[in-house]
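Residue numbers (the numbering used here): 56 to 491.
See below for the structure under consideration.
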DNA sequence: TCTGGGGTCCTAGGACCC
DNA sequence: TCTGGGGTCCTAGGACCC
């Protein structure tokens, strides 16, 4: 396991329109066409192909706002298929891993590469290296990506941004040695597009006359520290070429896990909410076991639909400290049920429910329980763990929810809509692409 | 009719302790 | 008039990210 290191030279590999590109890989007839991917419940647009962007379809917009343009321009519409995207992501990352001693996977479609081995090469050769990595990913996976190469992560992000905006760069932007090249790039980057500067901070900065990344790099460091906290101060240093964000290739153990969904239709009864709570709890428990942790805290939250302003609103959450750290589905189901009883109020139309596990510790060695009231004996505990392992194995082999809590219900009328999901091309035998 | 899901880090403030 | 000082831990909420 490598400790995080301060990068001397780092590349950001950022997949282009990732979800839309995934959908196109096995449908070459869709290449170049306007295509959008909808989030769960087929609600919002969460990805757009280049052609869809150029039609002016906005990111994040609810589907019903763009119906007209979809019909008129024949836009292809897909429901999100996260199992498929996750598998394609794994393939892209495996290719990138061949090009670096340390791959820091930042999200499903982005990773930072430690390029210190090629840092001493002249810029032209560094560029050739990035160009080849990019071409190999495209050839082996079908996914196009953009590379930004620079001394810090934040500058690499800015370089990749530049590359996406300027097709003449051929998908790779290497931030040159000279300070003037860097300054030119930063002057052209609005401050709100700097990585780590969101809408709130951008508004504050603009009010103070700081409108570009260059302005932010030059601003008074004490002022930045005071108004943007340490995260903002780091952004500023990174823009100046001083690495503050380490490259971390250790496979992460999440600090919290969340499974939440909006319902396919409004839900009012405690019975239906209990079904959703049970199903989500089973899913989050499975993920907790998969990363080999046990949780000491379960939070359940519940909200009405904030867009239906004319209806009475209620949102609440309850956190249950678990008497002993666990990843046992049955123990977590009890905690979730008691949390739900605590926050449920009749008379509301609920829209979304979520279950969060947190405050993890590694699952071995197990911390013994100080006061054993009602706890399982060690032998019973071992049996329960074996049961969970069996359950996970069956679900992994025969499909998710093959075995699930009965309390999660059977008909599940509250389930989300997903009308246009593409096949699981790479993750289910019966949905493999065929050639004729 | 119809508005996503899953994360991270930081800070302020309260509870509690000596 | 005057109302310790300093520390830890925990949680909620804000801001940001993809």
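In this text, a Cβ means the ideal position worked out from N, Cα and C, and glycines have one as well.
Please read all numbers here as calculations on a predicted model, not as lab measurements.
- Boundaries of the alpha helix (DSSP H) harbouring residue 280: 276-294, taken from the DSSP string.
- With distances taken between CA atoms, residue 221 lies nearest to 243 out of 234, 243, 181, 206.
- The DSSP-derived three-state label of residue 70 is strand.
- Inclusion of residue 135 and residue 473 in the CB contact set at 9 angstroms is warranted, their separation being smaller than that value.
- Nearest to residue 346 by C-alpha distance, out of 148, 317, 409, 415, is 415.
- Here the region 183-203 makes contact with the region 145-155; the two share three or more CB pairs at distances below 8 angstroms.
- Under the 8 angstroms Cβ criterion, the region 274-294 does not count as touching the region 376-383, having fewer than three qualifying pairs.
- Counting along the chain, the unbroken alpha helix (DSSP H) around residue 447 starts and ends at 433-453.
- Of 75, 96, 209, 315, the smallest CA-CA separation from residue 333 is found for 315.
- Membership of residue 321 in the beta strand (DSSP E) is indicated by the continuous run 311-322.
- By the beta-carbon neighbour count (other beta carbons within 10 angstroms, threshold 16), residue 406 is buried.
- Checking the DSSP bridge columns, you'll see residue 92 partnered with 102, 133.
- For residue 489, the three-state secondary structure derived from DSSP is coil.
- Excluding residues up to 5 positions away in sequence, 346 lie with their Cβ nearer than 7 angstroms to the Cβ of residue 309 in the same chain.
- Take residue 297, set aside five residues on each side of it, and the residues of its chain with a beta-carbon closer than 8 angstroms to its own are 207, in chain order.
- Excluding sequence positions up to five before and after residue 219, its CB lies within less than 6 angstroms of the CB of 201, all in the same chain and listed in chain order.
- Residue 165 carries a strand assignment under DSSP once its states are collapsed to helix, strand and coil.
- Residue state for residue 121 is assigned as coil, using DSSP reduced to three classes.
- Across the structure, residue 100 and residue 120 are spaced so that their CA atoms are roughly 10 angstroms apart.
- With the rule of 3 Cβ pairs closer than 8 angstroms, the region 71-82 counts as touching the region 104-113.
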